[in-house]
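Student: The listed protein sequences correspond, in order, to chains G and F.
Numbering-wise (numbering that gives the first Met the number 0), the first sequence opens with residue 0 and increments by one.
Numbering-wise (numbering that gives the first Met the number 0), the second sequence opens with residue 0 and increments by one.
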Amino acid sequence: MRELSYAEAIREALRQEMQRDERVFIIGEDVGVYGGAFGVTLGLVEEFGEERVIDTPISELGIAGAITGAALTGMRPVGEIMFMDFTTLAMEQLVNQAAKIRFMFGGKAKVPFVLRTPAGSGTGAAAQHSQSLENWFVHVPGLKVVMPSTPYDAKGLLLASIRDDNPVIFVEHKLLYKTRGPVPEEPYTIPLSTAEVKREGRDLTIVATSIMVKRSLEAAEQLAQEGIEVEVVDPRTLKPLDEETIIRSVMKTGRVLIVHEACKTGGYGGELAAVIAGSEAFDYLDAPIVRLAGRDMPIPYNRTLEYHTVPQVENIVEAARQLAQGRV
Amino acid sequence: MALSEARKRELLRQMYTIRAFEEKAEQLYALGKVHGTMHLSIGEEASAVGSIAALRPDDLILSTHRGHGHCIAKGADLNRMMAEFMGKESGYCRGRGGSMHIADLEGGNLGANGVVGGGIPIAVGVGLSLKMQKRDQIILCFFGDGAANTGPFHESLNMAAIWKLPVVYVCENNQYAMSFSVKRAFAIEHISDRAAAYGMPGVTVDGNDLLAVYEAVSQAAKRAREGEGPTLVENVTYRWRGHSKSDANRYRTREEIEAWKKKCPIKRFRAHLIEEGVLTEEEADRIEQEAYAAIDAAVAFAEASPEPDLSTIEEGVYA
């Protein structure tokens with residue numbers, strides 16, 4: 000199959016959905032001629048014009064309000080906040096308005112937008128351009144949170160997110176933008192709230208999100224050479240979560256390692272651990288549930304320090320090995 | 000556009016209806032029949048009614064926490080509105096929203112808002128949406144003097160202006176953001192002066208003069224509809240009651256409140272209509288009585304309506 004990068008897959012989804020549905024438009028800072036801070040929307044303004052690929056002033060709250068109001072009145076906007084760190088500036092509209100309008104109005108309104116935003120460290124951009132804040136949004140009823148880890152998933156999940164009638168926070172990862180993988184040319188959707196087993200294995204389950212799926216798969220390759228067979232599960236949609244796929248995997252392997260980049264305390268791993276521990280998989284656990292996550296600290300600038308702030312392949316290998324060998 | 004006599008009588012009726020609704024709301028609260036809080040716009044009725052009178056029925060509004068008047072002026076059904084206020088299933092929002100979140104989407108009221116300034120950015124999106132869909136409608140966004148000092152005001156007015164969106168921003172300056180006087184909160188004389196910073200017209204009007212409000216908002220609506228972009232209209236008025244249910248009025252004097260009560264927008268418009276020969280005293284009294292009777296009927300409807308069924312508690316979170 001044809002290969003695309005993660006960024007190209009997102010762009011293709013945007014292009015195909017804008018061709019299919021004239022209610023879809025893009026709005027954000029520098030999304031036009033500049034192509035977005037990471038080039039994801041490059042070329043779309045030439046194809047669809049400035050009326051459907053709208054550059055905004057540096058007004059994140061305004062962008063969030065614009066997609067909320069437009070969605071409330073019949074459009075299906077795709078907003079972009081150029082770094083997830085800057086969603087802090089848009090929180091009022093996302094949390095108090097977009098997420099709650101439907102419920103507050105007795106289920107009579109809908110707010111079908113997608114807010115795309117890149118998260119994650121590894122670019123040397125330090126503490127204000129490297130955060131993974133997905134769990135803040137997971138905590139807000141009314142929002143959906145999607146976090147693709149591959150080009151294939153990015154395209155199918157974005158198409159599904161745009162067609163969904165709820166506000167969706169679509170969390171991309173900067174280091175994944177250039178990763179390549181098979182992506183069908185025709186439009187396709189991956190239903191939200193469906194997790195996927197990315198690799199099958201019998202010895203332990205790794206539940207990982209975003210770039211940690213890629214690192215976990217690399218770790219699994221190394222561990223396979225030692226005879227440890229790791230199953231890697233990617234929730235893909237953090238909220239609402241497909242609990243069943245995860246629970247089934249843990250029942251099979253009896254051991255689970257949760258890996259994410261966001262800070263450990265209050266991170267998504269705590270939720271996953273609680274879901275597993277509170278399920279029928281509890282009786283199948285042969286070891287404590289282990290979380291491997293970002294340190295509870297801001298992302299440092301220095302390359303070495305930055306590298307050691309969030310889980311890397313070797314950390315995953317080590318944590319998984321200990322868990323598989325009963326040393327936890 | 001001159002208002003017909005029938006229309007003027009209707010606008011007087013709307014003002015009385017708002018006054019009656021809010022006096023009743025206050026009573027219901029005092030009787031312990033309402034749970035939660037409320038924000039009364041008594042004394043500000045000309046701003047709501049005069050502004051919305053300048054719109055077409057299919058135009059849209061975004062309202063505020065002090066939004067009963069906007070809702071009524073936009074043509075809401077009083078029964079469903081009162082039922083919402085009383086938390087009943089038959090209310091506009093099935094009892095999930097209450098006073099601060101009443102929305103009448105079919106009537107073009109995109110909702111009151113519990114966050115000061117919360118509707119201002121949404122109006123940008125609605126305006127953009129109307130423009131993109133080439134719909135011949137406009138959005139009127141109400142907010143208070145307090146909201147004019149929030150960050151969203153700046154971001155949103157700028158965006159609405161650079162894109163020439165069909166938005167009318169109406170600032171209801173009722174002199175106080177909770178306890179904070181506009182005299183302390185602004186270093187400028189008129190909030191509408193800020194319009195210049197966004198390259199849009201700004202106008203300050205006597206917000207207790209229904210016809211002046213109607214005139215100013217009509218011009219703003221015309222501009223918006225003709226693609227010339229947003230306008231900032233400031234209606235100067237006064238909140239007779241406290242900010243919300245719990246307010247000891249420590250920040251202002253009784254004399255000040257009494258002085259403003261003498262400028263009652265309803266009495267003023269009523270006197271004007273009688274002087275103009277549109278109404279007699281008796282006809283005006285009858286309009287007033289009918290308004291209060293309609294509110295009594297709404298209360299009866301709301302009280303007879305069922306509470307939401309507990310089995311439906313989580314409905315409406317997701318589409």
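Quick reminder that beta carbons are idealized off the backbone N, C-alpha and C, glycines included.
This structure is a prediction, so every number in the text was calculated from the model and none was measured.
For Asp241 (chain G), tell me which candidate among G:Lys143, G:Asp295, G:Ile298 and G:Ala223 has the shortest Cα-Cα distance.
Tutor: Stepping through the first sequence from its first residue, residue 241 (chain G) is reached at position 242. The shortest C-alpha separation from Asp241 (chain G) is found at G:Lys143.
Student: Under 8 Å by Cβ, that's how I've got Glu44 (chain F) and Arg18 (chain F) pegged, so tell me the actual separation to the nearest angstrom.
Tutor: On the second sequence, residue 44 (chain F) is found 45 positions in, with the first residue counted as 1. On the second sequence, residue 18 (chain F) is found 19 positions in, with the first residue counted as 1. Their Cβ separation, rounded to whole angstroms, is 6 Å, which keeps Glu44 (chain F) and Arg18 (chain F) in contact under 8 Å.
Student: I want to verify the contact list: residues of chain F whose CB lies under 8 Å from the CB of Glu50 (chain G), in sequence order.
Tutor: In the first sequence, residue 50 (chain G) corresponds to position 51, counting from 1. Result: Met131.
Student: Anyone know if the C-beta pair for Arg51 (chain G) and Phe24 (chain G) falls short of 8 Å?
Tutor: Taking the first sequence and counting its residues from 1, the one referred to as residue 51 (chain G) is at position 52. Taking the first sequence and counting its residues from 1, the one referred to as residue 24 (chain G) is at position 25. Closer than 8 Å, so yes.
Student: For the region 84–105 of chain G, which residues have a CB atom closer than 8 Å to at least one CB atom of chain F, in sequence order?
Tutor: Those residues of the region 84–105 of chain G that come within reach of chain F (Cβ to Cβ, closer than 8 Å) are Glu91, Gln92, Asn95, Gln96, Ile100, Arg101, Phe102, Met103, Phe104 and Gly105.
Student: Which residue's Cα is closest to the Cα of Met80 (chain F): G:Ser131, G:Ala219 and G:Gly105?
Tutor: Here residue 80 (chain F) refers to the residue found at position 81 when the second sequence is read from its first residue. The shortest Cα separation from Met80 (chain F) among G:Ser131, G:Ala219 and G:Gly105 belongs to G:Gly105.
Student: Got a sec: is the Cβ-Cβ distance from Glu314 (chain F) to anything in chain G below 8 Å?
Tutor: Locating residue 314 (chain F) in the second sequence gives position 315, counting from the first residue. Answer yes: the Cβ-Cβ gap between Glu314 (chain F) and chain G drops below 8 Å somewhere.
Student: Identify every residue that forms a DSSP beta bridge with Thr204 (chain G).
Tutor: The residue given as residue 204 (chain G) occupies position 205 in the first sequence. DSSP lists G:Glu230 and G:Val255 as partners of Thr204 (chain G).
Student: Between the C-alpha atoms of Ser332 (chain G) and Phe84 (chain F), what's the straight-line distance to the nearest angstrom?
Tutor: Examination of residue 332 (chain G) is not possible in this model, given that chain G is present from 0 through 327 alone.
Student: Hey, could you find the ends of the beta strand (DSSP E) Glu16 (chain G) is sitting in?
Tutor: Residue 16 (chain G) sits at position 17 when you count from the first residue of the first sequence. Where Glu16 (chain G) is concerned, there is no enclosing beta strand (DSSP E), although the alpha helix (DSSP H) it sits in stretches over Tyr5 to Arg19.
Student: Tell me which same chain residues have a C-beta within less than 8 Å of the C-beta of Lys262 (chain F), skipping the five on either side of it?
Tutor: One-based indexing of the second sequence puts residue 262 (chain F) at position 263. Counting only Cβ-Cβ distances below 8 Å, and skipping sequence neighbours, we find Asn207 and Tyr237.
Student: Would you give the residue range spanned by the alpha helix (DSSP H) that Asp152 (chain G) belongs to?
Tutor: Along the first sequence, read from residue 1 onward, the residue named residue 152 (chain G) stands at position 153. Unbroken alpha helix (DSSP H) run through Asp152 (chain G): Pro150 to Arg162.
Student: Could you tell me how far apart the beta carbons of Glu188 (chain F) and Ser46 (chain F) are, in whole angstroms, since I believe they sit closer than 8 Å?
Tutor: As a first step, residue 188 (chain F) must be located in the second sequence, where it is residue number 189. As a first step, residue 46 (chain F) must be located in the second sequence, where it is residue number 47. Their Cβ separation, rounded to whole angstroms, is 19 Å, which puts Glu188 (chain F) and Ser46 (chain F) out of contact at 8 Å.
Student: Identify whether Lys143 (chain G) lies in helix, strand or coil by the three-state DSSP scheme.
Tutor: Here residue 143 (chain G) corresponds to residue number 144 of the first sequence, with the count starting at 1. Strand at Lys143 (chain G).
Student: Keeping to the same chain, check which residues put their C-beta closer than 7 Å to that of Lys173 (chain F); ignore five residues upstream and five downstream.
Tutor: In the second sequence, counting from the first residue as 1, residue 173 (chain F) sits at position 174. Sequence inspection shows Asn at residue 173 (chain F); the Lys mentioned does not correspond to that position. Contacts found: Glu43, Gly143, Asp144, Thr236, Tyr237 and Arg238.
Student: In its own chain, which residues sit with a C-beta less than 8 Å from the C-beta of Arg359 (chain G), not counting the 5 before and 5 after it?
Tutor: In the structure as shown, chain G begins at 0 and stops at 327. Residue 359 (chain G) is therefore absent and cannot be evaluated.
Student: What are the boundary residues of the alpha helix (DSSP H) that includes Arg198 (chain G)?
Tutor: Along the first sequence, read from residue 1 onward, the residue named residue 198 (chain G) stands at position 199. No alpha helix (DSSP H) holds Arg198 (chain G); the beta strand (DSSP E) holding it covers Glu195 to Arg198.
Student: At what residues does the beta strand (DSSP E) containing Val77 (chain G) begin and finish?
Tutor: Residue mapping note: residue 77 (chain G) aligns to position 78 of the first sequence, counting from 1. That run of the beta strand (DSSP E) goes Arg75 to Glu79.
Student: Kindly give me the distance between the Cβ atoms of Leu256 (chain G) and Leu304 (chain G), rounded to whole angstroms, as I take these residues to be in contact under 8 Å.
Tutor: To locate residue 256 (chain G), count along the first sequence from 1; it is residue 257. To locate residue 304 (chain G), count along the first sequence from 1; it is residue 305. Rounded, the Cβ-Cβ distance is 24 Å, inconsistent with contact.
Student: To which residues does DSSP link Ser180 (chain F) through a beta bridge?
Tutor: Within the second sequence, the letter at position 181 stands for residue 180 (chain F). Paired residue(s): F:Tyr175.
Student: Going by DSSP, which residues form a beta bridge with Asp54 (chain G)?
Tutor: Counting from 1 along the first sequence, the entry for residue 54 (chain G) is found at position 55. Bridge partners of Asp54 (chain G): G:Gly27.
Student: What is the residue span of the beta strand (DSSP E) that Val113 (chain G) lies within?
Tutor: Residue numbering aside, residue 113 (chain G) sits at position 114 when the first sequence is read from its first letter. Val113 to Ala118 is the extent of the beta strand (DSSP E) around Val113 (chain G).
Student: Could you give the uninterrupted runs of the alpha helix (DSSP H) lying entirely in the region 265–292 of chain G, keeping only those of 4 residues or more?
Tutor: DSSP runs (the alpha helix (DSSP H)) wholly in the region 265–292 of chain G: 267–276.
Student: How many angstroms separate the CA atom of Thr208 (chain G) from the CA atom of Val166 (chain F)?
Tutor: As a working note, residue 208 (chain G) is residue 209 in the first sequence. As a working note, residue 166 (chain F) is residue 167 in the second sequence. The straight-line gap from Cα to Cα measures roughly 42 Å.
Student: Restricting to Cα atoms, I'd like to know which of G:Val316, G:Arg302 and G:Ala323 is closest to Gly123 (chain G).
Tutor: Position 124 of the first sequence, counted from the first residue, corresponds to residue 123 (chain G). Of G:Val316, G:Arg302 and G:Ala323, the residue nearest in Cα terms is G:Arg302.
Student: Quick one: what does DSSP say Pro264 (chain F) is sitting in, helix, strand or coil?
Tutor: In the second sequence, counting from the first residue as 1, residue 264 (chain F) sits at position 265. Three-state result, Pro264 (chain F): helix.
Student: Output, in sequence order along the chain, the residues in the region 186–198 of chain G whose CB is closer than 7 Å to any CB in chain F.
Tutor: Cβ contacts with chain F come from no residue of the region 186–198 of chain G.
Student: Which of the three DSSP states, helix, strand or coil, is assigned to Tyr300 (chain G)?
Tutor: For the purposes of this step, residue 300 (chain G) is taken as residue 301 along the first sequence, with counting starting at 1. DSSP places Tyr300 (chain G) in coil when its eight states are reduced to three.
Student: Are the beta-carbon atoms belonging to Ala286 (chain G) and Ile246 (chain G) less than 8 Å from one another?
Tutor: As a first step, residue 286 (chain G) must be located in the first sequence, where it is residue number 287. As a first step, residue 246 (chain G) must be located in the first sequence, where it is residue number 247. Not a contact, by the Cβ cut-off of 8 Å.
Student: Can you round the beta-carbon distance between Val196 (chain G) and Glu230 (chain G) to whole angstroms, since I take them to be within the 8 Å contact cut?
Tutor: The residue given as residue 196 (chain G) occupies position 197 in the first sequence. The residue given as residue 230 (chain G) occupies position 231 in the first sequence. With 8 Å as the limit, Val196 (chain G) and Glu230 (chain G) qualify as a contact, their Cβ atoms being about 6 Å apart.
Student: What number of angstroms, rounded off, separates the C-alpha of Leu60 (chain G) from the C-alpha of Ile119 (chain F)?
Tutor: To locate residue 60 (chain G), count along the first sequence from 1; it is residue 61. To locate residue 119 (chain F), count along the second sequence from 1; it is residue 120. C-alpha separation (whole angstroms): 10 Å.
Student: Show which residues of chain G have a CB atom less than 7 Å away from the CB atom of Ala122 (chain F).
Tutor: Within the second sequence, the letter at position 123 stands for residue 122 (chain F). Simply Gly68.
Student: Taking only the alpha-carbon atoms, compute the straight-line gap between Ala219 (chain G) and Pro150 (chain G) and give it to the nearest angstrom.
Tutor: Counting from 1 along the first sequence, the entry for residue 219 (chain G) is found at position 220. Counting from 1 along the first sequence, the entry for residue 150 (chain G) is found at position 151. Roughly 20 Å between the two C-alpha positions.
Student: Does the distance from the C-beta atom of Met83 (chain G) to that of Ala118 (chain G) stay below 8 Å?
Tutor: Walking along the first sequence from the start, residue 83 (chain G) turns up at place 84. Walking along the first sequence from the start, residue 118 (chain G) turns up at place 119. Yes, the pair counts as a contact, with Cβ atoms nearer than the cut-off.
Student: Shorter than 8 Å from the beta carbon of Met81 (chain G) to some beta carbon of chain F?
Tutor: The residue given as residue 81 (chain G) occupies position 82 in the first sequence. No, its Cβ sits nowhere closer than 8 Å to a Cβ of chain F.
Student: On the three-state DSSP scale, how would you describe Gly106 (chain F)?
Tutor: On the second sequence, position 107 is the one that residue 106 (chain F) refers to. Reduced to three states, the DSSP call for Gly106 (chain F) is helix.
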